[in-house]
Amino acid sequence: MSRVSFSFFSWQRLAGQRRLFLLCLLLFVVSAFLSFGAFFPADVVQQRLVHEVSQQTNLEMKGRNAKMLFPLGVEFDLTVYSAVPNLTDLELTQLQVSPAWSSLFSKDQAVNLSGAFAGGKIDVDVSRSGRIDLNVEDVALAVLQQSEMPYRVIGQLTGQLDGENISGNMNGRGFFSFQLKDARILGLEKIGLPDNFFAGALWLEGKFDQQRFNLEKVVLTGGVLELSGGGNILIGETSKKTRLNLNIRLHPTTTTPDSIRDLISLAGIRPTTDGSYLLRVGGTLAKPIIR
Numbered sequence: 090m091s092r093v094s095f096s097f098f099s100w101q102r103l104a105g106q107r108r109l110f111l112l113c114l115l116l117f118v119v120s121a122f123l124s125f126g127a128f129f130p131a132d133v134v135q136q137r138l139v140h141e142v143s144q145q146t147n148l149e150m151k152g153r154n155a156k157m158l159f160p161l162g163v164e165f166d167l168t169v170y171s172a173v174p175n176l177t178d179l180e181l182t183q184l185q186v187s188p189a190w191s192s193l194f195s196k197d198q199a200v201n202l203s204g205a206f207a208g209g210k211i212d213v214d215v216s217r218s219g220r221i222d223l224n225v226e227d228v229a230l231a232v233l234q235q236s237e238m239p240y241r242v243i244g245q246l247t248g249q250l251d252g253e254n255i256s257g258n259m260n261g262r263g264f265f266s267f268q269l270k271d272a273r274i275l276g277l278e279k280i281g282l283p284d285n286f287f288a289g290a291l292w293l294e295g296k297f298d299q300q301r302f303n304l305e306k307v308v309l310t311g312g313v314l315e316l317s318g319g320g321n322i323l324i325g326e327t328s329k330k331t332r333l334n335l336n337i338r339l340h341p342t343t344t345t346p347d348s349i350r351d352l353i354s355l356a357g358i359r360p361t362t363d364g365s366y367l368l369r370v371g372g373t374l375a376k377p378i379i380r
């Protein structure tokens, strides 16, 4: 009987010690996180992150309002100063940077960035190997362009881009799919077309490899003029060095203004049997040539 009692009380003591150990471990983890949060050098990490990204991309940027995220990460506001004329500085607010937890035990660790951008949302995973998974939702193009631009395209952009081997100068390969809702073109009154041209909804799908973008699907519907087509764009350092090779088919509708039909006719483009117009666009982005 005494042996049974000894075994029972020994088991009780062992179980109590385990519970005590687990309780102490839990208290240690909680206190460690609280201490980590109280003394976390968020400003230092923010400065380090901004410095590294700026060096890799050759873009000037500034972070501010850094604070810690639980359990591991940092949040801050970021300004990326525009290096392109007529484009505004990029403002990302409440930008959260944290590890992509699913990649922690893989050979290709990644970091996740998410925040508010141009009235919408942006979410991107960036891995050590240069893989990028970018998603944007309802980003307003209007705030990204200066009002002094002679022609502007506005609307809400939603879509994704998946790339691999992306370097600091954005070389790499991958695919993209974007939709521009409520698209409008401003400034066309300079060439005799209606101001505030309502274009409708634009879909873009394709692939990219290094500096070449292959547009596999270009569809514009719901506006005063519909179109479809595709082609490729060779991105250069400037708009004058960006080459175009596009085939676009215009589909006039009952709401197409006569000024658009007249402009197409003046360009010497004749309608096909179904009433549409086939345009071959070449030249550069700064000076396109339509045939």
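Numbering of the sequence shown is given in the numbering used here, commencing with residue 90 and proceeding in unit increments. Even for Gly, the Cβ is constructed at its ideal location relative to N, Cα and C.
Beta-carbon proximity of residue i to residue j, cut-off 9 Å
i	j	result
Ser216	Val200	yes
Gly208	Ala189	no
Leu167	Lys151	yes
Val370	Asn336	yes
Gly312	Ala290	yes
Arg350	Pro341	yes
Phe267	Thr247	yes
Leu269	Val242	yes
Asp214	Ile221	yes
Gln300	Asn254	no
Lys279	Leu293	no
Ala205	Gln183	yes
Residue burial classification, residue i (beta-carbon count within 10 angstroms, cutoff 16)
i	result
Ala172	exposed
Val163	buried
Tyr57	Missing from the structure shown is residue 57; the chain here goes from 90 to 380 and no further.
Ala375	exposed
Phe286	buried
Val133	exposed
Leu355	exposed
Ile322	buried
Gly281	exposed
Gly364	exposed
Ile378	exposed
Leu161	exposed
Leu181	buried
Leu176	exposed
Leu123	Since pLDDT at Leu123 reaches only 48, below the 50 mark, its modelled position is unreliable, and the value read off the structure follows with that caveat. Leu123 should be labelled exposed.
Arg380	exposed
Those residues which DSSP pairs with residue i across a bridge
i	result
Phe206	Leu181 and Gly209
Arg369	Asn336
Ser317	Val308 and Arg338
Phe159	DSSP output for Phe159 lists no bridge partner at all.
Asp166	Arg153
Thr247	Gln268
Pro130	Partner(s): none; Pro130 has no beta bridge.
Lys296	Phe264 and Asn303
Gly289	Ala272 and Gly311
Ser216	Ala199
Pro188	Val200
Inter-residue CB distance, residue i and residue j (contact presumed, cutoff 8 Å)
i	j	result
Gly263	Phe297	6 Å
Arg273	Gly320	Not a contact, Cβ separation roughly 23 Å.
Phe165	Gln135	5 Å
Leu304	Leu339	Rounded, the Cβ-Cβ distance is 16 Å, inconsistent with contact.
Leu277	Pro283	7 Å
Gln249	Leu223	6 Å
Asp212	Ser203	4 Å
Leu148	Val169	6 Å
query: Does the count of Cβ pairs from the stretch 356–363 and the stretch 327–337 closer than 8 Å reach three?
result: The stretch 356–363 is not in contact with the stretch 327–337.
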